[in-house]
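In the working numbering, the protein residues as written are 215 to 447.
Encoded as structure tokens, the structure appears first; notes follow it.
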């Protein structure tokens, strides 16, 4: 019965994708690389905190003798991916101008936002920090005996290994354009997107695109905009 249910769900999702495919796709958001230097320290600190939490959860759910360094590294490799569960810490952040600083603000657990320019900029900073050294971070966690693991990882990763927090943060230029507003997403949309990403390897789903529930409902002629607040008016 479970197999039949899974197949039925897959067929239903494939049908929704086919209907929504007629809708024009949004332009792909790009990272603002010139902003990375303003946020790299705070991104590194948030990253270290998120990595520590993921590692603690992994240790809790895995018997001690079965936890391997490879398992830790595989978890860390997903930390800069906002489409993965491990990337939740990214899509719950907003970049906000505060005086001469660009701050990385936590919007709250499961308060998900769209991954636009600011999200992609956080991803870029994360990749610069973690990309070349995810194996080293995994080894650090797996072998560390530090009492304050989060603090130890922050110091090692953000000050010693990358120097992300080692220098003075430059002030924002006065002529820098103001960033985009945080656009909240429904948790179910995020879950659907991740489900679709996991189905990409299935036959006939390789070219599937990601759509929100409203886009899918609209593609089927069922509206879906009635519950949205119009913040632009």
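The C-beta atom is built at its ideal place from N, Cα and C for all residues, glycine as well.
These figures come from a predicted structure and were not determined experimentally.
Beta-carbon proximity check, residue 296 vs residue 304, cutoff 8 Å = For the purposes of this step, residue 296 is identified with residue 82 of the chain shown, where counting begins at 1. For the purposes of this step, residue 304 is identified with residue 90 of the chain shown, where counting begins at 1. The answer is yes: Cβ separation under 8 Å.
Would you kindly report the start and end of the unbroken beta strand (DSSP E) that includes residue 320?
-> Mapped onto the chain shown, residue 320 falls at position 106. Start and end: 315-320.
List in chain order: all unbroken alpha helix (DSSP H) runs of 4+ residues lying wholly within the segment 371-419.
-> List check, alpha helix (DSSP H) in window: 401-412.
Leaving out five residues on either side along the sequence, give the residues of the same chain with a beta carbon under 8 Å from the beta carbon of residue 243.
-> As a working mapping, residue 243 is identified with position 29 in the chain shown. Only 329, 330, 331, 333, 334 meet the Cβ criterion.
For the beta strand (DSSP E) that residue 342 lies in, which residues bound it at each end?
-> Along the chain shown, one-based indexing puts residue 342 at 128. Counting along the chain, residue 342 falls outside any beta strand (DSSP E), though it belongs to the alpha helix (DSSP H) covering 331-344.
Exposed or buried, which one is residue 405 when buried takes at least 16 other CB atoms within 10 Å?
-> Position 191 of the chain shown, counting from 1, holds the residue named residue 405. Exposed, because fewer than 16 other Cβ atoms sit within 10 Å of the Cβ of residue 405.
Whose C-beta lies closer than 6 Å to the C-beta of residue 245 among residues of the same chain, with five residues either side of it excluded?
-> The sequence position of residue 245 within the chain shown is 31, counting from 1. Correct list, in chain order: 334, 335, 338.
Can you check whether the CB of residue 265 is closer than 8 Å to the CB of residue 342?
-> Your numbering for residue 342 matches position 128 in the chain shown. Your numbering for residue 265 matches position 51 in the chain shown. For residue 342 and residue 265, no; Cβs fall outside 8 Å.
Using the Cα positions of residue 252 and residue 393, report the straight-line distance between them to the nearest angstrom.
-> Position 38 of the chain shown, counting from 1, holds the residue named residue 252. Position 179 of the chain shown, counting from 1, holds the residue named residue 393. Computed Cα separation, rounded: 13 Å.
Would you kindly report the start and end of the unbroken beta strand (DSSP E) that includes residue 281?
-> In the chain shown, counting from the first residue as 1, residue 281 sits at position 67. Taken as a continuous stretch (DSSP letters only), residue 281 belongs to no beta strand (DSSP E), as it is neither H nor E.
For the candidate residues 396, 412, 388, 372, whose alpha-carbon lies nearest to that of residue 262?
-> Translated into the one-based positions of the chain shown, residue 262 becomes position 48. Residue 372 is the option with its Cα nearest to residue 262.
Have a look at 258, 298, 259, 288 and flag the residue whose alpha-carbon is nearest the alpha-carbon of residue 411.
-> On the chain shown, position 197 is the one that residue 411 refers to. Residue 298 is the option with its Cα nearest to residue 411.
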